[in-house]
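Worksheet: one structure, shown below.
2 protein chains.
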Amino acid sequence: MQPFATVLDWREGTISPADNVVVRRLSDMKTMYHDQAAMARMLKASDPVLYEVYEVHVPPEAGHLNHCCSIIYPGKVGDEYFMTKGHFHAVEGTAEIYVGLQGEGMLLMQTRDGQVAHIAFRPGVMAYIPPYWAHRMVNIGAERFIFLGVYPGNAGHNYGTIEQTGFARLVVERDGAPVVIPNPQAG
Amino acid sequence: MQPFATVLDWREGTISPADNVVVRRLSDMKTMYHDQAAMARMLKASDPVLYEVYEVHVPPEAGHLNHCCSIIYPGKVGDEYFMTKGHFHAVEGTAEIYVGLQGEGMLLMQTRDGQVAHIAFRPGVMAYIPPYWAHRMVNIGAERFIFLGVYPGNAGHNYGTIEQTGFARLVVERDGAPVVIPNPQAG
Chain A
668 MQPFATVLDW
678 REGTISPADN
688 VVVRRLSDMK
698 TMYHDQAAMA
708 RMLKASDPVL
718 YEVYEVHVPP
728 EAGHLNHCCS
738 IIYPGKVGDE
748 YFMTKGHFHA
758 VEGTAEIYVG
768 LQGEGMLLMQ
778 TRDGQVAHIA
788 FRPGVMAYIP
798 PYWAHRMVNI
808 GAERFIFLGV
818 YPGNAGHNYG
828 TIEQTGFARL
838 VVERDGAPVV
848 IPNPQAG
Chain B
668 MQPFATVLDW
678 REGTISPADN
688 VVVRRLSDMK
698 TMYHDQAAMA
708 RMLKASDPVL
718 YEVYEVHVPP
728 EAGHLNHCCS
738 IIYPGKVGDE
748 YFMTKGHFHA
758 VEGTAEIYVG
768 LQGEGMLLMQ
778 TRDGQVAHIA
788 FRPGVMAYIP
798 PYWAHRMVNI
808 GAERFIFLGV
818 YPGNAGHNYG
828 TIEQTGFARL
838 VVERDGAPVV
848 IPNPQAG
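If you're matching them up, the sequences are chains A and B in order. Quick note, the first sequence lines up with residues 668 to 854 if you use our numbering. Quick note, the second sequence lines up with residues 668 to 854 if you use our numbering.
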């Protein structure tokens with residue numbers, strides 16, 4: 668395989684050329700926010716883009732390294748900030764590194780045996796998500812939240828578990844500030 | 668294993684906290700520059716730091732991700748720009764990603780079967796070094812050249828091969844500008 672280069676624009680959150688751009692709209696995450704009445708009201712009015720992921724494709728094999736740049740737009744569904752779907756890796760014994768590039772965020776993490784953790788992001792924060800930890804990013808600021816992700820080529824994604832159980836923590840606005848609270852609906 | 672975070676200062680090239688800072692001086696690379704007379708003259712006068720690497724340690728296992736930030740200082744030995752030692756990974760079937768953060772550089776790469784490649788770096792350039800490619804970074808600018816590296820936890824380093832054979836290409840100054848030329852001494 669030949670070496671190659673892309674350009675990461677860390678102010679805009681784009682990678683050029685990208686092999687794929689994932690676009691997640693509100694309707695793609697219908698069941699994932701705790702305030703379902705707020706979700707229904709918002710969807711009646713429009714279907715905004717919540718986040719985008721600029722992906723570079725490499726062989727889906729151990730030894731290779733997936734890399735992508737994500738943009739989460741600012742906003743809330745009810746009191747809950749815009750966020751990614753969140754996932755385990757399909758091959759759970761694989762880590763991920765996130766590097767905060769622009770804006771403010773919160774990384775939520777949890778394991779299948781009930782451990783939870785979170786890390787606040789600003790530009791330059793570099794988080795290590797160890798193997799076996801599901802992860803979700805949340806934009807807690809007024810600007811776009813942009814971050815780079817690197818993970819093993821063979822990691823894959825398992826969104827289904829989180830879709831079924833929810834995340835154990837929510838990030839919601841209380842008195843104008845973000846707080847991390849237990850999710851009463853988590854299964 | 669618990670998640671953790673560090674802070675990458677991409678203007679200064681530091682990671683805080685780092686688990687280790689590798690410091691490479693001129694004397695650590697005595698045999699690696701093509702102009703050995705210039706090397707001897709420089710070493711008589713002083714032994715400057717050529718580059719530093721801020722490392723974060725993770726378990727040395729597949730599925731984990733090493734990450735480090737390197738600073739190559741500006742300068743030359745004769746007409747050859749300051750550079751890293753260069754290496755294959757000990758587990759050669761492992762890739763690496765470099766992200767240019769500050770300054771200007773050149774990434775030299777080569778395989779054991781004689782393929783060569785190079786990629787010019789400025790901030791935002793993100794290079795994919797596939798498995799089986801040795802890699803060396805060179806500072807071709809007047810400022811510090813700073814870049815982030817991410818590679819599999821089990822990759823390891825093999826510096827010996829490059830120490831013995833040299834790199835197939837040199838990056839030297841010609842008429843005030845960097846050029847990549849064949850290395851007449853490469854073994």
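Backbone N, C-alpha and C define an ideal beta-carbon position, used for all residues, glycine too.
Residue-chain proximity (M751 (chain A), chain B), Cβ-Cβ < 8 Å: At residue 751 (chain A) the sequence reads Thr, which differs from the Met that was named. Output row for T751 (chain A): interface = no.
Contacts that G730 (chain A) makes with chain B (C-beta to C-beta distance below 7 Å): Within chain B, the residues G760, T761, A762, P798 and P819 have their CB atoms less than 7 Å from the CB of G730 (chain A), given in chain order.
Within 8 Å of chain B by C-beta, residues of the stretch 819 to 844 of chain A in sequence order: Against chain B - using a Cβ distance shorter than 8 Å - the residues of the stretch 819 to 844 of chain A are P819 and G820.
L710 (chain B) - containing alpha helix (DSSP H), residue span: Residues Q703 to A712.
Alpha-carbon spacing of L837 (chain B) relative to E747 (chain B), whole angstroms: Rounded to whole angstroms, L837 (chain B) to E747 (chain B) spans 7 Å at the Cα level.
Contact set between F671 (chain B) and chain A, taken where Cβ atoms lie within less than 7 Å: Against F671 (chain B), the close residues of chain A are Y795, in the order they occur along the chain (beta-carbon pairs closer than 7 Å).
Helix, strand or coil at I738 (chain A) [DSSP, three-state]: DSSP places I738 (chain A) in strand when its eight states are reduced to three.
Interface flag, G742 (chain A) vs chain B, CB-CB below 8 Å: So no, G742 (chain A) is outside the interface.
Contact set for R692 (chain A): own chain, Cβ-Cβ below 6 Å, skip 5 residues either direction: Answer for R692 (chain A): D714 and V716, listed in chain order.
Same chain only: Cβ atoms within 7 Å of S694 (chain A), ignoring 5 sequence neighbours per side: The residues L710 and D714, in chain order, have a CB closer than 7 Å to that of S694 (chain A) in the same chain once the five nearest residues on each side in sequence are set aside.
Beta-carbon contacts of V744 (chain A) that lie in its chain and below 8 Å, excluding the five residues immediately before and after: Spatial neighbours of V744 (chain A) in its own chain (CB-CB distance under 8 Å, excluding positions within 5 residues in sequence) are listed in chain order as L693, Y700, D702, A705, M706 and M709.
C-beta contact flag for Y799 (chain A) and H754 (chain A) at 8 Å: Contact check for Y799 (chain A) against H754 (chain A) fails: the beta carbons are separated by 8 Å or more.
Reduced DSSP category for I829 (chain A) - H, G, I as helix; E, B as strand; rest coil: Helix at I829 (chain A).
Boundaries (first-last residue) of the beta strand (DSSP E) holding S683 (chain B): T681 to S683 is the extent of the beta strand (DSSP E) around S683 (chain B).
Nearest residue (CA-CA) to V839 (chain B), options B:M773, B:L768 and B:F814: Out of B:M773, B:L768 and B:F814, B:M773 has the C-alpha closest to the C-alpha of V839 (chain B).
Close beta carbons around G820 (chain B), own chain, < 8 Å, minus the five adjacent residues each side: Within the same chain, V725, P726, P727, E728, A729, G730, H731, L732 and N733 come within 8 Å of G820 (chain B) by CB-CB distance, once the 5 residues on both sides are set aside.
8 Å Cβ cutoff met for F812 (chain B) and E771 (chain B): Taking 8 Å as the Cβ cut-off, F812 (chain B) and E771 (chain B) qualify as a contacting pair.
Chain B contact residues for D676 (chain A), given Cβ-Cβ distances below 8 Å: Contact annotation for D676 (chain A) against chain B: G791 [CB-CB distance below 8 Å, chain order].
Sheet register partners of D676 (chain B) (DSSP bridge): B:T681, per the DSSP bridge assignment.
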